[in-house]
Amino acid sequence: MNDRLDIKGFVRPGLENVIDAFAGNFERGDELGARFSAYREGELVADLWAGWADREKSEPFGETTLCGIFSSGKAAMATLVAEAVSRGELDYEMRIAALWPEFAAGGKDAVTLAMALSHQAGLCGFAEEMSPADWIDHDLIAARLAAMAPLWKPGSASGYHPQTIGYIVNETLRRAGAKTIGAKLREKNLDIYCGMRADEIARAAFMAKPQSAPVHRDGEFTKLAFLKRWSAAAKISREAWLAAEIPASNMHATARALAAIIHPLANGGVDVDGVRTIDPDTVAAALRSRISGDDLVLPFHIDWTAGLMKNTNGFFGPRETAFGHAGFGGSAAMIDPARKISAAYVMNRMSPSLAGDLRAVAMFSAINARD
């Protein structure tokens with residue numbers, strides 16, 4: 008497809024600039040393997056992949072290669088929660104403690120689902136030391152969160168919850184009698200997983216770790232969220248990590264699957280198969296600003312919706328109408344309801360970026376360059 012690089016896939020006529028942007032990421036030496044996919048009004052309009060799935064460059068990055076997407080999976084989680092709200096399983100304005108009474112402890116009785124999804128619950132991390140391996144035990148983490156006093160007054164500010172929000176969502180779903188995020192993903196029959204089986208693990212790309220650490224905001228909340236020895240899962244095997252269901256941070260996906268699963272929020276509630284999965288009122292509620300300001304954990308001013316970031320920092324391309332979520336290392340998911348576009352970028356050479364990786368920004372800018 009491209010003389011400079013063996014790029015597989017296609018773009019719809021008129022989107023050749025997307026190929027150039029994708030190739031440019033490789034030509035600058037920024038990539039090992041990567042994929043970019045985009046849908047518009049239910050149609051797949053771009054799907055490109057290239058490079059290598061392994062460190063030795065012996066296994067080509069293919070159409071079924073899965074990448075760890077870290078917090079980009081929060082965009083998928085936000086979409087699945089919106090679908091659960093639309094079906095009546097959950098309500099954004101419900102108090103979590105109404106379903107999960109233990110959660111009321113420590114002054115959290117008034118915390119709503121929308122407050123938690125917009126990172127206002129004050130539960131960004133644990134001050135008490137724990138084993139990093141504890142993160143694969145959902146019941147243990149859920150019990151600790153229920154008993155915990157919030158680190159700041161809920162509703163007064165946002166402070167990004169990199170890990171804990173997934174446990175809050177999953178336990179709330181369980182208390183509602185609904186399926187968890189991992190189970191809901193499996194129902195979609197897409198190449199996106201939270202809790203992988205052996206055959207899926209075999210397709211997971213090697214993830215090349217960044218050479219330097221992410222830039223963090225100074226402060227105790229950031230330390231608890233990211234920098235403590237127990238802030239994320241560790242001291243477990245790769246297989247145990249991949250098999251665990253940690254919705255906020257360990258989803259694995261192709262870019263096509265990630266772009267597909269978030270498409271209803273871009274397309275008025277209608278998925279890539281033409282099926283309405285979210286009613287219009289719930290789409291509006293999902294994308295409504297919940298809190299805007301300097302985040303207590305991330306070093307950014309963020310305008311949070313019920314699980315997504317508004318594009319106030321240009322993380323998702325040039326258009327102010329976009330929303331999305333980025334993942335550690337560079338992956339990102341974007342929706343633009345004004346243009347009915349959803350797009351996703353995944354890769355296996357990780358940068359130090361927490362959000363706004365220039366490779367992803369280049370791809371979102373390219374797909375948005377033409378109407």
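8 is the number of the first residue of the sequence shown in the working numbering; add one for each residue after it. Even for Gly, the Cβ is constructed at its ideal location relative to N, Cα and C.
Proximal residues to residue i (C-beta, below 6 Å), its chain only, five neighbours per side dropped
i	result
residue 22	53
residue 370	28, 43 and 352
residue 360	337
residue 322	333, 362 and 363
residue 89	285, 289 and 293
residue 216	357
Cutoff 8 Å: residue i Cβ touching any chain B Cβ
i	result
residue 230	The question asks about chain B, but that chain is absent: this structure has only one protein chain.
Same chain only: Cβ atoms within 7 Å of residue i, ignoring 5 sequence neighbours per side
i	result
residue 12	30, 33 and 57
residue 243	140 and 143
residue 117	102 and 161
Distance, residue j Cα to residue i Cα
i	j	result
residue 67	residue 41	11 Å
residue 281	residue 376	26 Å
residue 207	residue 143	18 Å
residue 291	residue 99	12 Å
residue 124	residue 114	18 Å
residue 340	residue 26	18 Å
residue 185	residue 96	7 Å
residue 50	residue 344	14 Å
residue 194	residue 236	35 Å
residue 395	residue 122	In the structure displayed, the chain extends from 8 to 378; residue 395 sits before or after that span and is not available.
residue 132	residue 228	8 Å
residue 92	residue 273	17 Å
residue 138	residue 19	49 Å
residue 317	residue 160	23 Å
residue 346	residue 83	19 Å
residue 85	residue 358	24 Å
residue 301	residue 248	32 Å
residue 190	residue 245	21 Å
residue 305	residue 167	6 Å
residue 324	residue 79	15 Å
residue 260	residue 38	17 Å
residue 389	residue 171	Past the edges of the chain, shown from 8 to 378, lies residue 389, and the structure says nothing about it.
Extent of the continuous alpha helix (DSSP H) to which residue i belongs
i	result
residue 33	23-34
residue 372	365-374
residue 93	80-93
residue 245	245-250
residue 236	Premise fails: residue 236 is in no alpha helix (DSSP H) and is neither H nor E.
residue 174	171-182
residue 116	Per DSSP, residue 116 belongs to no alpha helix (DSSP H) and is neither H nor E.
residue 351	That residue, residue 351, is in no alpha helix (DSSP H); its beta strand (DSSP E) goes 348-354.
residue 105	103-106
Proximal residues to residue i (C-beta, below 8 Å), its chain only, five neighbours per side dropped
i	result
residue 7	A question about residue 7 goes unanswered here, because the residues of the chain that appear run from 8 up to 378.
residue 150	109
Expected contact under 8 Å - CB spacing of residue i and residue j to nearest Å
i	j	result
residue 331	residue 315	6 Å
residue 276	residue 284	6 Å
residue 382	residue 174	A query on residue 382 cannot be resolved here, the shown segment of the chain reaching from 8 to 378 and no further.
residue 253	residue 197	Not a contact, Cβ separation roughly 19 Å.
residue 130	residue 226	Wrong, their Cβ atoms sit about 16 Å apart, outside the cutoff.
residue 119	residue 102	6 Å
residue 232	residue 169	5 Å
Residue range of the unbroken beta strand (DSSP E) whose run includes residue i
i	result
residue 18	15-18
residue 340	339-343
residue 40	40-47
residue 333	330-333
Residue i Cβ short of 7 Å to the ligand NAD heavy atom set
i	result
residue 329	Ligands in the displayed structure: none, and consequently the ligand NAD is not present.
- Item | Sequence ranges, beta strand (DSSP E) only - wholly within the segment 49-80, length at least 3 | 50-58
- Complete runs of the alpha helix (DSSP H) confined to the segment 255-308 [at least 4 residues]: 262-268, 270-273 and 287-294
- Task: Can you check the segment 130-209 for any alpha helix (DSSP H) of at least 4 residues that lies completely inside it and give the ranges in chain order?
- Result: 145-154, 171-182, 188-194 and 205-208
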